[in-house]
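Protein sequence lines correspond, in order, to chains A and Y.
Per the numbering used here: the first sequence = residues 1 to 220.
Per the numbering used here: the second sequence = residues 1 to 220.
Protein chains: 2
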Amino acid sequence: MSPRPHRERQIPNLHERILHTAWQQIAAEGAAALSLRAIARQLGITAPAIYRYYPDRDALVTALIVDAFTSFAAWQAAALEGTTPHDHAGRLCALGLAYRAWAVAHPERYQLIFGTPIAGYHAPLEITMPAAQRGLSLLIQVLAQAHAAGKLRPLSPVPLPAVFDAEGVDPQVLFAALTLWCYVHGMVSNEIGRQYPPVLRDAEVFYRHALQTLTAQYLL
Amino acid sequence: MSPRPHRERQIPNLHERILHTAWQQIAAEGAAALSLRAIARQLGITAPAIYRYYPDRDALVTALIVDAFTSFAAWQAAALEGTTPHDHAGRLCALGLAYRAWAVAHPERYQLIFGTPIAGYHAPLEITMPAAQRGLSLLIQVLAQAHAAGKLRPLSPVPLPAVFDAEGVDPQVLFAALTLWCYVHGMVSNEIGRQYPPVLRDAEVFYRHALQTLTAQYLL
DNA sequence: CATATAAATATACACTGTTTATTTAATAAT
DNA sequence: ATTATTAAATAAACAGTGTATATTTATATG
């Protein structure tokens, strides 16, 4: 076998083809089964060839994570498109439903981001945090609009301690955003991770009801 | 080297020593780095020897998970000991604080249970669910007591759909328990998994304030 | 046409979980 | 006391992994 194939047999856009193949295998076998050698096999190349495009496995995983966050942020943005700007409850609900819908549609991507399925992988926060931020920023935006309209209900009987390095964003808005996100994340990760107890029959109905309760709690 | 050591050199309680060594290495290197061979090395035995006690790696992981759940349930139970039976808010708060305290004290155990750090591992739910249940049952118990005392605030403006296979436990209690658990789990898993955005300075203060807000929302 | 570069391969190393056959210490039976 | 049995470990090997190094060759450049 020749050490380098003719140009006709070369794979164009190998950089993206590797990512695409990785997603294919993650969807089929789960994120934990990610293997450079398996990707190489499917592409008809050898494993070290991947190192031309990604310095190591972790770099590939990071690229996948950024990819997933981008996909997630797109879903979030799309969810707001069908809503009217002043229907704060509707927009909040839409974001919440889109959050779960994306996770259910792509459970492996969800686990890749929020679980820790890759052995020994530690995310470089300077790369993944900005990508993650984009998803959260829409929620903050919607809540900030509700706050500006005076529709954000004061949540706590006691004053909020100074826990934020806020720049222009109201701490109450940040607190509402983070708590809502944690809530929703907890429900979705329990559903995707099959952690719910058997007494819960329908996780989706449960989720919708919880979301309805939440919007009523957070908005006037 | 002889194929079997003399009795004096044999390791007693190897079954438990394996678990203990596994926890040691998980604490040092993270759950993802779990390795049968590394455990064997540290114990001065060969890797296949472990197979006398655990049929495969997944069985060992399952034993570790059950172990972790047991430890967690013990912390939850201990948290209630310093409280008085009718101080429902205090008891709820104690459970919530204990939840986070356990996770912060044993982040690897937490990730092992709720993350998915072991490549290719799928938990046998018939074994892990009952163990997980024990932790949740205390929360349900506390909320049921509050409900019996008429101190559980009705949460939603709309009626709760029938999503539970409840046996003797009020659906409102179950709903409150599950939502509270999801909320707390979301916050803790975001903290442990370093998913919080940098604007949040102090995750512990944030958690305490959220918990305080929650108890006020859930209890009268 | 000669040279330099880029992109792949081949090979090898140190790991991993797991299977098989083998060896031996301890125990039970005669 | 000797023999047979059983239990618990080892040794060796297999297929898989990520990754480093050296090599080869197709292509682009002077």
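All C-beta atoms in this analysis are idealised placements derived from N, C-alpha and C, irrespective of residue type, glycine included.
Predicted model only: the values in this text are computed from it and were never measured.
With a 10 Å radius around the Cβ and a threshold of 16 neighbouring Cβ atoms, Arg52(A) comes out exposed.
Bounds of the alpha helix (DSSP H) holding Phe114(Y) are 107–114. The Cβ atoms of Val205(Y) and Val163(A) lie closer than 8 Å to each other. Going by beta carbons, Thr116(Y) and Ala32(A) fall inside the 8 Å limit. Around the Cβ of Asn190(A), a 10 Å sphere holds 16 or more other Cβ atoms; the residue is buried. Counting only runs that start and end inside the stretch 50–114 of chain A, the alpha helix (DSSP H) elements of at least 4 residues fall at 57–81, 88–105, 107–114. Chain-order list of chain Y residues neighbouring Val61(A): empty, with the shortest C-beta distance near 12 Å, by a criterion of under 8 Å. In the DSSP assignment, Ile11(Y) falls outside any alpha helix (DSSP H) and carries neither an H nor an E. Per DSSP, Pro130(A) is one residue of the alpha helix (DSSP H) stretching across 125–148. In the three-state DSSP reduction, Leu34(A) falls in the coil class, being neither helix nor strand. According to the DSSP assignment, Glu191(Y) belongs to the alpha helix (DSSP H) that extends over 171–192.
Taking 8 Å as the CB threshold, Pro161(Y) lines the interface with chain A. Straight across, the Cα-Cα distance linking His185(Y) with Ile45(A) is about 43 Å. Excluding sequence positions up to five before and after Leu160(A), its CB lies within less than 6 Å of the CB of Pro171, Phe175, all in the same chain and listed in chain order. Leu214(Y) sits in a helix when the DSSP states are folded into three classes. Between Asp170(Y) and chain A, the shortest Cβ-Cβ separation is not below 8 Å.
Under DSSP, Leu200(A) takes part in a beta bridge, and its partners are Phe164(Y). Neighbours of Ala210(Y) in chain A, taken as residues whose beta carbon is under 7 Å from its own, are Thr179 in chain order. For the C-beta of Thr215(A), not a single chain Y residue is nearer than 9 Å; the gap to the nearest is close to 10 Å. With fewer than 16 neighbouring CB atoms inside 10 Å of its own CB, Arg37(Y) falls in the exposed class.
The distance from the Cβ of Ile18(Y) to that of Ile50(Y) is about 6 Å, consistent with a contact at the 8 Å cut-off.
Residue-level contact by beta carbon fails for Gly90(A) and chain Y, as no gap is shorter than 8 Å. The residue from Arg201(A), His122(A), Ala132(A), Pro198(A) with its alpha-carbon nearest to that of Pro197(Y) is Ala132(A). Pro55(Y) has a beta carbon lying at 8 Å or more from every beta carbon in chain A.
Cβ-Cβ distances below 6 Å link Gly96(A) to Val184, Leu211 in the same chain, with the five nearest sequence neighbours on each side left out; the list follows chain order. Take the alpha-carbon of Ile118(Y) and the one of Thr62(Y): they are about 11 Å apart. Rounded to the nearest angstrom, the gap between the Cα atoms of Leu92(A) and Pro55(Y) is 49 Å.
By alpha-carbon distance to Leu43(Y), the top candidate from Ser35(Y), Ala28(Y), Thr21(Y), Leu34(Y) is Thr21(Y).
Against chain Y, the CB of Ser71(A) has no partner CB under 8 Å away; the residue lies outside that interface.
Counting of Cβ neighbours within 10 angstroms places Ile39(A) among the buried residues, the total reaching 16 or more.
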